[in-house]
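**Q**
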Amino acid sequence: MNLLFEPVGLAHYLVVGAILFVTGVVCMATKRNAVGILMGIELVLNGANMNFIAFATPGLRADEGLSLGLDGHMVALFVIVLAAAEAAVGLAIVLSFYYNHLTVDVDEAEELKG
Amino acid sequence: MDLTTALPVLLATAWLLPLGSFALIVLFGPWMGRRGVGAGYLATGAIVVSFVLSLIALLGWLSHHPIADAGHHAAETVEHGHEAAASHAAPAEALKPVAGDWYALGRFGSLAITIGYYIDSLTLVMFTMVTLVASCIHFYSFGYMHEELGIVTDPLVRKANGRLLKRKGRFHRFYQYLSLFCFSMLGLVISGNVAMVFIFWELVGICSYLLIGFYIERKSASNAANKAFIVNRVGDFGMLIGLMVLWSTLGTFSFGGIFEQVRPADAGHELIVPDGMVHAAAADEIEQITLTAATPEEANQAIETATPGWRNAGYGQWLLIIAGLGIFCGCVGKSAQFPLHVWLPDAMEGPTPVSALIHAATMVAAGVYLVGRFYPVFTPEVLLVIAYVGCITLFMAATIAITATDIKRVLAYSTVSQLGYMMLSLGVGGWLAGLFHLITHAFFKSLLFLGSGSVIHACHTNEMPEMGGLRKKMPWTAYTMLTGCLAISGAGIPLLWGLSGFHSKDSILAQLFSFRIQNSVHGNILFWAAAGGAAITACYMFRLWYLTFAGKPRNEHVAQHAHESPAAMVAPLVILAVMAAIAGWKVPFTNVGVDTLIGQSRPVGTELGVGANTAVAVMPAERLSHEKPIHNTVSWIAFFTALAGFLVATVFYGVRRLDPDDVRKTFGPVYTFLCRKWYFDELYQLIFIRPVMVISRAVAAIDKHGLDWLADNSARFVKWISRLDEWIDRLLVDGLVNQIARQTHRLGLALRAVQTGNIRQYVMAIAFCTVTLFVVITLYWSYIMAAGS
Amino acid sequence: MEAINWHSCFFLLFAILSCGFAVAVAVSDNIVRMAVYLIASLAAVSGLFFLAGADFVGAMQLMIYVGGTLVLLAFGVMLTARGPLVKIATGGGQWVLGAMLGGGLLVILLQAAFSVEAWQRPEVTPEVAQGEDLATAAPLGMGMMGIRVDQLDETDTVKRGGMSGYLLPFEIVSVHLLVALIGAAYLARARRPAHLVQSGDGGKGDRRPEGGDR
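Chains as they are written, first to last, in the numbering used here: chain A, -15 to 98; chain B, 537 to 1325; chain C, 254 to 467.
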């Protein structure tokens, strides 16, 4: 297998990020459990983070001078923090919804139906 | 103080006091004393003070213008002829009326509308009479209107639920109207010009309207009020025409100004057609002169010289006649003369004191007063019309009074009849006799009305068949009324002495007899009608007295409850009874009496009679009727006619030797004719009201089918246009807007399905859109890049 | 035989772990298992971060995500996971739809990832790049305080002008975090509407027998 011997490039990291992102999106689209949707969001954010880190690392690509450097790390850190805040607020909303409806099934939340 | 300044002040005070009382009661009436009883005190106080002031003014006049004693009078009557006329004119000049203006309301060219006065002895006597009768009636009303102080249950009005009407008492309102009436009546008497007369003429009319309709809840009362008012309008219409003729031709409203032009001093106070009327009638000739003349002065000169010729040719004569007839027309309405007499009997729906004051003593006499005041203006033709109208009235009313059973209606027709006497007297030249009868009649007729009010108050019914035998129950009322009956019948000892009616009626009949001597045809008709009327008067008056007071009670229930009226009602009866007895007398050992006093005011120029030089009729000088042959004859005739009437009444109703029912059966048609009041109401219904109704219905039909059709169709056209407009509006404008809205709505409804509220579908939609976007961008990337570069 | 590239080996390991667990999260119906899979996945991602030379971010990933956010999620799971709610199955149609969408998205992303030739291979001398100068904590800390130590030798004045540190974003993020946490605490308070309270003690509409005052 090639990957065992050859060094990985930026594209490989991007593939991992893409997979995480897509699983996150699928998770959000299919889960009926509100907490599951939150988890999907975490996955999506991690996929994005993966890309930031990959682009920030200078040694992963042939055209070395174009890497983001510390800026990418910084954005990744902000995303992590943002995700934490988002998780807290999202979870609070879910709990509130749960208290009101005694369920976490988002299909039950149809009050805003047109 | 000088008489010319004192009299206007005194009389103006007497005149305005009731107005002040009226104003105060209007403002504060309901709060005066307990339930407004203070209003009565105020009004009574005002009118009593007015009476005192009038009396003072009368005495003041007497002290300045003493009346020659009987001897002088007799001497004057002996030497008649032109010398006497000349000597007579001299004192007449001295007795010039006190005339003037208080206040000018406005001036229109030569015409001045003023509040003025014209005070002579007639004014003063009228003032004293009106205030005295009004004072008595004010006192009397305290007793009669006592019920009005509390809650009144009207026995004649049933409400829709079948209960008797209960209402608040209107004591203060009654006195308020009385005060207004006194003010108006006194203003009418004191008026110095015709415009003012007309104003107060209408004011007394409205007071009469208000007081007839005092029991406004009774349909009959409000109808009677309307009838009185409307019938009076007919008369006032004629009066307005007369006033317009006078004003447009003479240019003045004041009595003095009119009389000066009608009977100028340089023509010996003979009645001539005034220049104004001649010029108005000769308008064509004047136009010719004005067109041909060189200068205005010349034209005026020519007109001046031509005027006597025109006058002799009869120009303007008809204007004078129209003026006189117009004025008399108003008097016909107000004094309830034929053919406008129909309102007065109905006016008895008002409270009895009102009937006594307004519809017997004062207001209805105002017509006679005005005829007397305007006497100088009347031509012989007009006087003859007045005489005939009076004669018809007196005879007709007297016959109706025989059959009437309502006590007040008997008196009402009696009033109409007596007013006819006065008119007749004035018409045949008996100026003094007519006005003298006016004064005496005021006293005895108000006495009779108040007596009937006392009876009604005791019996609670107006129907004489229900009464009878009340003499013992209410002696004061019975005997004061007997005095009244005697007075109106003219009871007395012939040639010597009698009650007031004796003197006044005798002088009227004497004047008629004197007239008969000069005009055989007219004279016979008028004299015998009047004499017959006198007999009928005595008959119905004693019928009334017998039915009410004599015999046995015909209705036990009524008789049991009957009682003598309170002192407040009896006292005025006594006062008026005394006045009814003595009003015709002279003050002992002098020649001062009501007749001689009024005689001082005899219009200048009428002393020698009217119409001596015309072919129509000759109204002889009143002086002639006092001569022994005429006077003695008439006295006996009057005595026997009255006695005959009295005996007939006594036989039928007093001793009941004959049954009136037999007579009634025998003369069925006549009885019905009289009972129906000569079918006057039916006649008027037929010839006036019915045609008016037909015409108004026709007009209404024209209105409905002509004008309404036009209006309807134009409205329909407008409606059609607006419908078209609406259609355009709705279809095009609204349609556009609505269609946009509808499509938006439909789109919203369609898109609504998309808004599922399902969070996962949203996620999928986002993802799907992202993918699509990516695909599109990827597919067209090269083109975009190419375009960018 | 070539020497085994351990960097690549570990990359492969962590990539498989993270992607595998992520897929497991997506396909699992059980919320508790999903939470566990997610922890594993995120931990593997932090390993990838380490491999990429982002040691500080990786550490933060472990600490904040795995140690903080996921504990929060675990609490949420535990609070809401009652009986039937643990497993809420999704219909087959939804799955097909989600898979098609995800597949399409993945294709596009992969196509993008491999679209640039330079991204596929690292530099010629990989030894230099790997394992060298990996300490990013200190420059990041300095950057957050406003000093960019990694780009002191930048000569381009235009670029230097844009090199201001991350002090302001850092402050904004910290305040944002504070607000979000307070808001979350407020939102998560247990306040049940009256219509859901079965036995009525202390319900809004209830009258207390003691009367109005306390």
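Note that the Cβ used here is the ideal one computed from N, Cα and C, for glycine as well.
Does DSSP put A:E70 in a helix, a strand or coil?
**A** Helix at A:E70.
**Q** Using the C-alpha atoms, what's the distance from B:G569 back to B:L660?
**A** Cα to Cα, the separation comes out at about 34 Å.
**Q** Can you check whether the C-beta of B:I1295 is within less than 7 Å of a C-beta belonging to chain A?
**A** Answer yes: the Cβ-Cβ gap between B:I1295 and chain A drops below 7 Å somewhere.
**Q** Is it right to say B:N729 is buried, meaning 16 or more other beta carbons lie within 10 angstroms of its own, or is it exposed?
**A** B:N729 should be labelled buried.
**Q** Grab me the residues of B:G956's own chain with a C-beta within less than 6 Å of its C-beta, minus the 5 sequence neighbours each way, in chain order.
**A** The residues are G926, T929 and L930.
**Q** For B:T976, which of B:S1040, B:I1231 and B:M775 has the nearest alpha-carbon?
**A** It is B:S1040.
**Q** I need the DSSP call for B:D690, collapsed to helix, strand or coil.
**A** Note: B:D690 maps to strand in three-state DSSP.
**Q** Using DSSP's beta-bridge definition, name the partner residues of B:V634.
**A** DSSP lists B:I655 as partners of B:V634.
**Q** Over the uninterrupted alpha helix (DSSP H) stretch that includes B:R1226, give me the two end residues.
**A** R1226 to I1238 is the extent of the alpha helix (DSSP H) around B:R1226.
**Q** For the region 726 to 771 of chain B, which segments carrying the alpha helix (DSSP H) assignment without a break, of at least 4 residues, lie completely within its bounds, in sequence order?
**A** Taking only runs of at least 4 residues, the alpha helix (DSSP H) segments lying wholly in the region 726 to 771 of chain B are 730 to 748.
**Q** So, does the region 906 to 916 of chain B touch the region 1135 to 1142 of chain B, judging by three or more C-beta pairs under 8 Å?
**A** Yes: at least three Cβ pairs fall under 8 Å.
**Q** Quick one: what does DSSP say B:V1269 is sitting in, helix, strand or coil?
**A** In this structure, B:V1269 counts as helix in the three-state DSSP scheme.
**Q** Contact check, B:T788 vs B:L906 under 8 Å by CB: the rounded distance?
**A** The Cβ separation is near 17 Å, so there is no contact.
**Q** Just checking: is the beta-carbon of C:L359 within a distance shorter than 7 Å of some beta-carbon in chain B?
**A** False, the Cβ-Cβ gap to chain B never drops below 7 Å.
**Q** In whole angstroms, what separates the C-alpha of B:A621 from that of B:L1144?
**A** Note that B:A621 scores a pLDDT of 41, beneath 50, so its modelled location is shaky and nothing firm can be said.
**Q** In the structure shown, what three-state DSSP assignment does B:V1146 receive?
**A** Three-state result, B:V1146: strand.
**Q** Got a sec: is the Cβ-Cβ distance from C:F264 to anything in chain A below 7 Å?
**A** Yes, because at least one Cβ of chain A sits closer than 7 Å to the Cβ of C:F264.
**Q** Taking the Cβ atom as the reference point for each residue, do B:L509 and B:A892 lie within a distance shorter than 7 Å?
**A** Nothing can be reported for residue 509 of chain B, as the shown portion of chain B is limited to 537 through 1325.
**Q** Report the three-state DSSP secondary structure of B:W1121 (helix, strand or coil).
**A** B:W1121 falls in the coil class under three-state DSSP.
**Q** Straight-line CA distance for B:L807 to B:T915?
**A** Spanning the two alpha carbons is a distance of roughly 8 Å.
**Q** Could you name each continuous alpha helix (DSSP H) segment of 4 residues or more that falls completely within the region 1182 to 1207 of chain B, going from the start of the chain to the end?
**A** Runs of the alpha helix (DSSP H) inside the region 1182 to 1207 of chain B: 1196 to 1202.
**Q** Taking its Cβ as the centre, do 16 or more other Cβ atoms sit within 10 Å of B:Q797, making it buried, or is it exposed?
**A** Its Cβ being crowded by 16 or more others within 10 Å, B:Q797 is buried.
**Q** Please confirm if C:W348 has its CB atom under 7 Å from at least one CB of chain A.
**A** So, interface residue.
**Q** Residues of the region 57 to 87 of chain A with a CB closer than 7 Å to any CB of chain B: list them in chain order, please.
**A** Of all residues in the region 57 to 87 of chain A, none has a Cβ within less than 7 Å of some Cβ in chain B.
**Q** Skipping 5 residues on each side, what residues in its chain have a beta carbon closer than 6 Å to that of B:L658?
**A** Result list for B:L658: I1134 and S1137, in chain order.
**Q** Which chain E residues are close to A:T41, counting only those with a beta carbon under 8 Å from its beta carbon?
**A** Protein chains in the displayed structure are A, B and C, and chain E is not among them.
**Q** Per DSSP, what kind of secondary structure is B:A611 in: helix, strand or coil?
**A** Here B:A611 scores only 40 on pLDDT, less than 50, and its place in the model should not be relied on; the value that follows carries that caveat. In the structure shown, B:A611 sits in a helix (DSSP, three-state: H, G or I).
**Q** Compute the distance between the beta-carbons of C:L295 and C:F267, then report whether it is under 7 Å.
**A** Contact: no.
**Q** Output, in sequence order along the chain, the residues in the region 1273 to 1293 of chain B whose CB is closer than 8 Å to any CB in chain A.
**A** Of all residues in the region 1273 to 1293 of chain B, L1287, R1288, A1289, V1290, Q1291, T1292 and G1293 have a Cβ within less than 8 Å of some Cβ in chain A.
**Q** Which of the three DSSP states is assigned to C:E407 in this structure?
**A** Three-state result, C:E407: coil.
**Q** In the DSSP output, what is B:M1155 paired with across the bridge?
**A** B:V1146.
**Q** Kindly indicate if chain B contains any beta-carbon less than 7 Å away from that of C:L354.
**A** By this cut-off, C:L354 is an interface position.
**Q** Taking buried to mean at least 16 other C-beta atoms within 10 Å of its own C-beta, is B:W633 buried or exposed?
**A** Before going on, a small fix: residue 633 of chain B reads as Pro here, not Trp. B:P633 comes out buried.
**Q** What does B:M1300 touch in chain C if you count any residue whose Cβ is under 8 Å from its own?
**A** Correct list: L350, G351 and L354.
**Q** Enumerate in chain order the residues of its own chain whose CB-to-CB distance from A:L(-6) is below 6 Å, with the five nearest sequence positions on each side excluded.
**A** Excluding residues within five positions, the ones whose Cβ falls inside 6 Å are A38, L44 and R45.
**Q** Can you give me the start and stop residues for the alpha helix (DSSP H) that B:G704 sits inside?
**A** Sequence check: residue 704 of chain B is Lys here, not Gly. Looking at the DSSP string, B:K704 is not in any alpha helix (DSSP H); the run it does join, the beta strand (DSSP E), is L700 to K704.
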